[in-house]
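One structure below.
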Amino acid sequence: MAWLMLVVAGLLEVAWALGLKASAGFTRPLPSLLTLLAMVASFYLLAQAMKVLSVGTAYAIWVGIGAVGTVLLGILIYGDSASPLRLLSLVLILAGLVGLKVAA
């Protein structure tokens, strides 16, 4: 159950990261509110997962899911660069996340 909470927390991190852009510096009320709710839920689920999982593994997985998801959606939604080096870097992050899960 802790791993599921951690994955959902990571996905919510992607949501709030993208929400920061959508909120336009917290000047748009609805995107700002949704961003803050996603932040609170993400941190809560991360904290719950850390009751069972090691802090280093949980935090690294949470950040990794957030980073990879945000970069991929930035490419798809906002037209961010999809250069070969950026994509290779994402593959390396994913490899690290898998390594952490296997080693846990």
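Note that the UniProt record's numbering has the sequence shown beginning at 1, numbered continuously upward.
Backbone N, C-alpha and C define an ideal beta-carbon position, used for all residues, glycine too.
Count the other C-beta atoms from every protein chain shown that fall within 10 angstroms of the C-beta of residue i, then say buried if there are 16 or more, exposed otherwise.
| i | result |
| --- | --- |
| Ile65 | buried |
| Gly79 | exposed |
| Ser83 | exposed |
| Thr35 | buried |
| Leu94 | exposed |
| Leu12 | buried |
Do residue j and residue i have their beta-carbon atoms positioned less than 7 Å apart in this structure?
| i | j | result |
| --- | --- | --- |
| Trp62 | Gly19 | no |
| Ala58 | Met50 | yes |
| Ser23 | Ser32 | yes |
| Val68 | Leu88 | no |
So, for residue i: in the same chain, excluding its five sequence neighbours on each side, which residues have a beta-carbon less than 6 Å away from its beta-carbon?
| i | result |
| --- | --- |
| Leu53 | Ala2 |
| Ala104 | Thr57 |
| Met5 | Leu45, Gln48, Ala49 |
| Lys26 | One detail in the question is off: residue 26 reads as Phe in this sequence, not Lys. Within the same chain, Phe26 has close Cβ partners Ser32. |
| Pro29 | none |
| Thr70 | Val14, Ala17 |
For residue i, I'd like the list of residues in its chain whose CB is within less than 7 Å of its CB, leaving aside the five on either flank, ordered along the chain.
| i | result |
| --- | --- |
| Leu97 | Ile61, Gly64 |
**Request:** Jot down the residue ranges of each uninterrupted beta strand (DSSP E) in the segment 6 to 38, minimum 3 residues, whole runs only, in chain order.
**Result:** Qualifying beta strand (DSSP E) stretches: none in this window.
**Prompt:** Can you find at least 3 beta carbon pairs, one from the segment 65 to 75 and one from the segment 12 to 28, that sit closer than 8 Å?
**Reply:** Contact between the segment 65 to 75 and the segment 12 to 28 is present: three or more C-beta pairs spanning the two stretches fall below 8 Å.
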